[in-house]
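**Student:**
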């Protein structure tokens, strides 16, 4: 890529001290992509000015034009470089804005490619640091090759800096030995896997969302007369069916529910396939990489040292089939609303539970777990949970009984023995395991989630005792780490005998205190 | 501070032992509760009076209601701080700072000292009146990212802060 020297004087000064290794600019297609983006805003504005209210249209047109001008200015003034162990972005003409991001602090460089980007062969690169609140810098748009090169450079140099810090005398050899590591594919997900992931996800919610979306869409699009007519038609039909007798009403209701469920299933299967199509989970040196997407291709790389907690999530339905989802948190990354529908919240959307054990050493280098040494929680945990369930069921049954007067109201009590059996069954599979370098916790009666946290990533340990806990002589132990966004509240063990909880907490805190925390 | 001294002399060989907060914290909390409840009670008085004017029949209920509320607030601001004070304790050794608190839900939070990011010292208006400070300890965590020890004697809080910064500072980013 040709590069004209636009570095301002103060940057040239710094250049003397450090090594400038890489510099680049946005791809010329930035202009096209942004023009198309703002162009969409331009069309209604133009239409309004030409055919409608001129006074309303003029400001719109003005803003659209300003947007266009801003992108052009951004493109011509934007540059970035790696220098002095920092990634520096610079933009602006009159007032130059520079942003310095220390390479060591870069958590993740994610690459996103929408449909338009794919047609043009370019990508957006987002640079994330431990500061939380989204991307630290967004490079939009780059050529595919340049984005890959940037990613390699950043992580290779970050590794070199770390090596230099740990062993300064070896720094030169380390610098030289940073060669391109090979990419090893760890797992690919087939369309069948993804369909399964969709099938076992939450159908009804997505179905309702779809119905809501269609309703809104229809509300916007259809002329009011047709809309009102449809509503009238539906209500007439409904009355008609209601007059046919109770059987008809039930049949229609059941049919309706089935239809909604079916739409939901289709929707979530299609959604899952579109989001994760061609999911490839691979490792390149110290980076875990994910690539996926049917329409919008996404890829992100995650240095595995940055993983604070790993969660093996088995929701009730998936657990029945022996499937799990892997989630991981890196430090300082808050959750954003858009993360879920971009698939950023999962490390691996679906994987058979029996395969998880062989995947763990890929994610945590020095992991070695014996499946036998799980410690169970208090032996009275099953009794406690059953008693608490029984109390809730009794209250509901009593309320129903006084309200209806029918003996059927006592039906909820049937749940109690069922719950007792479930708790007894799950009890053997929950607890914790404190190894040399890792703490594992496992919880959940119906669904289950297992957390693995490296001891050097533990921030604080808390033992909590509610009044109920005090009654049973138990406590809940929680481990706090940086950036718990996706792993559902982090590691937690409930129903521990209070003495054991206090002792475990003290041991964990002590062990954490002698390890060094690295981002 | 006398309280702490007597407390520590009873167990001499133990390296780490629990400290209580400064007893003046009770008076501090009583003052804080009285002031904030006081504002609330005045607002309720205004409401009761205006309702009493609008609905003369309900005057007696308004009056008793308001008095009951006032009595409860007074009793609570006197009773609760003393109970709450007893739940607070903290201890520190070479590696870990432990803070226990909570009446209904008891919490014990253990912070490995090398995980400290920074330590804040805070002195509110009432705290200054009583010569007290709060210490706020920050880690890089999420749910428990900051932990507060209220009602410390001002000099002791400053000493503790300096100590924490000194030993915990090496790992901070």
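Chains as they are written, first to last, in this note's numbering: chain R, 163 to 681; chain P, 823 to 995. Yeah, the Cβ is synthetic: ideal placement off N, Cα and C, and Gly gets one too. These numbers were taken from a predicted model, which means no experiment stands behind them.
1. Run down chain P in chain order and give the residues with a C-beta less than 8 Å from the C-beta of residue 667 of chain R.
2. Against residue 160 of chain R, what residues of chain P qualify as contacts under a CB-to-CB distance less than 8 Å, listed in chain order?
3. Residues in the same chain with beta-carbon distance under 6 Å from residue 840 of chain P, minus the five sequence neighbours each way, listed in chain order, please.
4. Checking the sheet assignment: what are the DSSP bridge partners for residue 958 of chain P?
5. Along the segment 904 to 926 of chain P, where does the CB come closer than 7 Å to a CB of chain R? Name the residues.
6. In or out: residue 553 of chain R buried (at least 16 other Cβ within 10 Å) or exposed?
7. Whose C-beta lies closer than 7 Å to the C-beta of residue 270 of chain R among residues of the same chain, with five residues either side of it excluded?
8. From the DSSP output, in three-state form, read off residue 835 of chain P for me.
9. Given a limit of 8 Å on CB to CB distance, which residues of the segment 476 to 491 of chain R reach chain P?
10. Quick test of the definition: if touching needs 3 or more C-beta pairs under 8 Å, does the segment 938 to 953 of chain P touch the segment 842 to 861 of chain P?
11. Say whether chain P places a C-beta atom closer than 9 Å to the C-beta of residue 467 of chain R.
12. Give me the chain R residues within the contact set of residue 970 of chain P, using Cβ-Cβ distance strictly less than 9 Å, ordered along the chain.
13. Does any CB atom of chain R fall closer than 9 Å to the CB of residue 985 of chain P?
14. Given that a residue counts as buried once 16 or more other Cβ atoms are within 10 Å of its Cβ, and exposed if not, what is residue 569 of chain R?
15. Would you say the segment 643 to 651 of chain R touches the segment 586 to 603 of chain R, given that touching needs at least three Cβ pairs under 8 Å?
16. Counting only beta-carbon separations shorter than 9 Å, does residue 937 of chain P have a partner in chain R?
17. So is residue 901 of chain P buried or exposed if we call it buried at 16+ other beta carbons inside 10 Å?
18. Would you be able to state if there are at least three C-beta pairs under 8 Å between the segment 612 to 632 of chain R and the segment 438 to 458 of chain R?
19. Which residues in chain R have a C-beta closer than 9 Å to the C-beta of residue 870 of chain P? List them in chain order.
20. On the three-state DSSP scale, how would you describe residue 263 of chain R?
21. Using 8 Å as the cut-off, can you tell me whether the segment 973 to 981 of chain P makes contact with the segment 952 to 961 of chain P, which would need three or more C-beta pairs spanning the two stretches below that distance?
22. Apart from the five residues just before and just after residue 359 of chain R, which ones in its own chain have a Cβ nearer than 6 Å to its Cβ?
23. Under 8 Å between beta-carbons, which chain P residues line up against residue 671 of chain R? List them in chain order, please.
24. Within 10 Å of its beta-carbon, does residue 405 of chain R have 16 or more other beta-carbons around it, so buried, or fewer, so exposed?
25. Just the C-alpha distance for residue 906 of chain P and residue 472 of chain R, rounded to the nearest angstrom, thanks.
26. How long is the line joining the alpha carbons of residue 307 of chain R and residue 299 of chain R, rounded to whole angstroms?
27. When the Cα of residue 322 of chain R is compared with those of R:428, R:470, R:248, R:352, which residue comes out closest?
28. Answer with yes or no whether the minimum CB distance from residue 965 of chain P to chain R is below 9 Å.
29. In angstroms with no decimal places, state the Cα-to-Cα distance between residue 578 of chain R and residue 548 of chain R.
30. Show which residues of chain P have a CB atom less than 9 Å away from the CB atom of residue 664 of chain R.
31. With a CB to CB cut of under 6 Å and the five nearest residues on each side skipped, what residues in its chain are close to residue 848 of chain P?
32. Nearest to residue 238 of chain R by alpha carbon, out of R:535, R:264, R:186?
33. Using the beta-carbon count (16 or more within 10 Å), is residue 636 of chain R buried or exposed?
34. So residue 198 of chain R and residue 278 of chain R are supposed to be a Cβ contact under 8 Å. How far apart are they, rounded?
35. Just list the residues that DSSP pairs residue 912 of chain P with in beta bridges.
36. My understanding is that residue 489 of chain R touches residue 610 of chain R, with C-beta atoms under 8 Å, so please give their C-beta distance in whole angstroms.
**Tutor:** If we stick to the structure as given:
1. Simply 930, 932.
2. Here chain R covers residues 163 to 681 and nothing more, so residue 160 of chain R does not appear.
3. Within the same chain, residue 840 of chain P has close Cβ partners 911, 913.
4. For residue 958 of chain P, the pairing in a beta bridge is given by DSSP as P:942, P:970.
5. The residues in question are 917, 918, 926.
6. Residue 553 of chain R comes out exposed.
7. Same-chain partners within the cutoff: 290, 462, 463, 464, 492.
8. Model confidence at residue 835 of chain P stands at a pLDDT of 36, short of 50, so the residue's coordinates are unreliable; what they give is reported in the following sentence. In the structure shown, residue 835 of chain P sits in coil (DSSP, three-state: anything other than H, G, I, E or B).
9. Contacts with chain P (Cβ-Cβ distance below 8 Å) from the segment 476 to 491 of chain R involve no residue at all.
10. At 8 Å Cβ cutoff, the stretches touch.
11. Not one chain P Cβ lies under 9 Å of residue 467 of chain R.
12. Within chain R, no C-beta atom comes nearer than 9 Å to that of residue 970 of chain P; the closest sits roughly 13 Å away.
13. Chain R, which has no Cβ nearer than 9 Å to the Cβ of residue 985 of chain P, makes this no.
14. That one is exposed.
15. Short answer: they don't touch.
16. It does: the Cβ of residue 937 of chain P has a partner Cβ on chain R nearer than 9 Å.
17. Exposed.
18. Output reads no: the segment 612 to 632 of chain R does not touch the segment 438 to 458 of chain R.
19. Those within 9 Å of residue 870 of chain P in chain R number zero; the least Cβ separation is about 34 Å.
20. In the structure shown, residue 263 of chain R falls within a strand segment according to DSSP collapsed to helix, strand and coil.
21. As far as the Cβ criterion goes, the segment 973 to 981 of chain P touches the segment 952 to 961 of chain P, which means the pair count is three or higher.
22. Cβ neighbours of residue 359 of chain R beyond the five flanking positions: 434, 511, 512.
23. Under the 8 Å cutoff, chain P gives 917, 918, 920, 932, 933, 934.
24. Residue 405 of chain R counts as exposed, since fewer than 16 other C-beta atoms from the protein chains shown sit within 10 angstroms of its C-beta.
25. Rounded to whole angstroms, the gap between the alpha carbons of residue 906 of chain P and residue 472 of chain R is 37 Å.
26. Cα to Cα, residue 307 of chain R sits roughly 19 Å from residue 299 of chain R.
27. Among R:428, R:470, R:248, R:352, the Cα nearest to that of residue 322 of chain R is on R:248.
28. True, the Cβ-Cβ gap to chain R drops below 9 Å.
29. Using only the alpha carbons, I get a separation of about 7 Å.
30. Correct list: 930.
31. Taken in chain order, the residues that qualify are 903, 904, 907.
32. That would be R:186, whose Cα lies nearest to the Cα of residue 238 of chain R.
33. Its Cβ being crowded by 16 or more others within 10 Å, residue 636 of chain R is buried.
34. Yes, residue 198 of chain R and residue 278 of chain R are in contact; Cβ-Cβ is about 7 Å, under 8 Å.
35. According to DSSP, which records beta bridges pairwise, residue 912 of chain P is partnered with P:841, P:921.
36. With 8 Å as the limit, residue 489 of chain R and residue 610 of chain R do not qualify as a contact, their Cβ atoms being about 14 Å apart.
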